[in-house]
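Let me begin by presenting the structure, written as structure tokens, before commenting on it.
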Amino acid sequence: MVWQVQFRDDNFSKACPVTTDNWEIWVPPADPQPDPNKVTPEILSELAFNSTKLPSPPVELQPRADRLLVNLGTRVAFKGDLDRVWTTASLDYKGVQLAATTVATPVALKVEAGTADADPQSCTYDLVKGKGGYTADSEGAGCNVTYLRASGNATYPFKASITWKVTWTDSVDPDGPARQPGLPDGLSTFEQDVTVKEAQAVNRSTGGDHV
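If you read the sequence shown in our numbering, its first letter stands for residue 1138, the second for the next number, and so on.
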């Protein structure tokens, strides 16, 4: 690219005469600098990500949280199905329309006993997709938190966490193709105090004569 010196007024020519040395200036080609204030789909995806609210794990324990027993595996199941969560951030200004939608999909459930007196102390389950969403049920699983000691007059802080895989699209459609760069995983948690008791043995005796 060549820039050429031109003056709009003769006074400028007198004050700064044009010579063969400054008549033309060579400027090497270069890409224009990006506008730091320009809004992009990537920026909107981050806004949508920060605005997304993830629900707590809808877990239900069996036996109930106040009736867990020593040496008995704790079954964990969802009270209901858990669906995807998505949030859209958009811009509509002077004919410019942009949008980005973040989509959080629940993929795994982790439960933690809240004490070292358990074996195993934690278990992780992959969520299963059904007709109404995603669910979990540890019945028959190879891992169920099992307490080894009663909680006495205290309780144990049982914790459940869901990992969410987060993607984003460059439109208002949550089912559109996922775009890059990727977004971090999401995490939602739920804690409840559980009471663990010793299993009471039941002794039965029958009356009658003995020979």
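All C-beta atoms, glycine included, are put in the ideal place defined by N, C-alpha and C. Predicted, not measured: the structure shown is a model, and the values here were computed from it.
Can you tell me whether residue i is helix, strand or coil according to DSSP?
i, result
"Pro1178", "helix"
"Leu1184", "helix"
"Val1348", "Note that Val1348 has pLDDT 39, beneath the 50 cutoff, so the model's placement of it is unreliable and the number below is only indicative. Reduced to three states, the DSSP call for Val1348 is coil."
"Cys1260", "strand"
"Asp1330", "strand"
"Thr1239", "strand"
"Arg1212", "strand"
"Gln1199", "strand"
Pick out whichever of the options has its Cα sitting closest to the Cα of residue i.
i, options, result
"Lys1190", "Lys1268, Lys1296, Asp1220, Gly1289", "Asp1220"
"Leu1184", "Thr1239, Asp1168, Asn1174", "Thr1239"
"Leu1206", "Thr1261, Gly1277, Tyr1230, Asp1254", "Asp1254"
"Thr1242", "Asp1229, Gln1329, Pro1169, Pro1311", "Pro1311"
"Ala1265", "Pro1171, Ser1259, Ala1287, Leu1246", "At residue 1265 the sequence reads Val, which differs from the Ala that was named. For Val1265, the nearest C-alpha among the options comes from Leu1246."
"Asp1322", "Thr1300, Tyr1271, Pro1314", "Thr1300"
"Asp1263", "Gly1251, Cys1280, Asn1174, Thr1332", "Cys1280"
"Ser1193", "Gln1337, Gln1258, Ser1288, Phe1327", "Phe1327"
"Tyr1271", "Val1331, Ser1227, Asp1218", "Asp1218"
"Ala1336", "Ala1226, Pro1294, Arg1286, Pro1314", "Arg1286"
"Arg1212", "Ala1250, Asn1187, Pro1314", "Ala1250"
Could you check if residue i is buried or exposed, using at least 16 other CB atoms within 10 Å of its CB as the buried criterion?
i, result
"Val1303", "buried"
"His1347", "Below a pLDDT of 50, predicted positions are generally treated as unreliable, and His1347, at 46, falls in that range; the measurement from the model is reported next regardless. Answer is exposed; the Cβ neighbour count stays below 16."
"Thr1261", "exposed"
"Ala1226", "buried"
Do residue j and residue i count as a contact pair if the criterion is CB distance below 8 Å?
i, j, result
"Thr1292", "Leu1209", "no"
"Ala1202", "Ser1275", "no"
"Val1196", "Ala1297", "yes"
"Val1248", "Ser1288", "no"
The stretch 1303-1322 in contact with the stretch 1169-1187 per 3-pair CB rule at 8 Å
Judged by Cβ distances under 8 Å, the stretch 1303-1322 makes contact with the stretch 1169-1187, as three or more pairs qualify.
Kindly confirm or deny that the stretch 1305-1316 and the stretch 1234-1244 touch, where touching means at least three C-beta pairs closer than 8 Å.
Contact between the stretch 1305-1316 and the stretch 1234-1244 is present, with at least three C-beta pairs closer than 8 Å.
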